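Quick look at the structure:
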């Protein structure tokens, strides 16, 4: 096994939220945030040659002044405040621009980010194999 794909973080959050629907109180939201945080942490001690891809749905919010910002959609305010994206060195946002499917590589009113020098362009073709190859070359 060279690649593990978690598809999607959102499904895991919703599953836990539904399972605990009958519970009252704030503790279940803390448990959910802790569970997702630990899930991501599980990837860190795994083999260096193993690629872990976490897929998530996004949400775009508009504030009172009209500013729009896109980030990972989360369940519960704790994960909103923490910003799960801080756990990743690379966050790519899938978009369709003029009929072309691309990944946004750097923040453009979003949490998209990648290490300096990994991708020169703000968007790249939506090709996860090319992304994995670029990451491997960058890290070596």
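Numbering (the working numbering), first residue to last: 1 to 140.
For each residue, glycine too, the CB sits at the ideal point set by N, CA and C.
All values derive from a computational prediction rather than experimental measurement.
- Of the residues assessed, residue 104 falls on the buried side of the cut-off, its CB having 16 or more other CB atoms within 10 angstroms.
- In the three-state reduction of the DSSP assignment, residue 120 falls in the coil class, being assigned neither a helical nor a strand state.
- Among the bridge pairs identified by DSSP, residue 70 is matched with 60 and 110.
- Counting C-beta pairs closer than 8 Å gives fewer than three between the segment 37 to 51 and the segment 98 to 117, which falls short of the contact rule.
- When the five nearest sequence neighbours on each side are left out, the beta carbons in the same chain lying within less than 8 Å of the beta carbon of residue 78 are those of 29, 30, 32 and 33, in order along the chain.
- Residue pairing by DSSP places residue 93 opposite 104 in a beta bridge.
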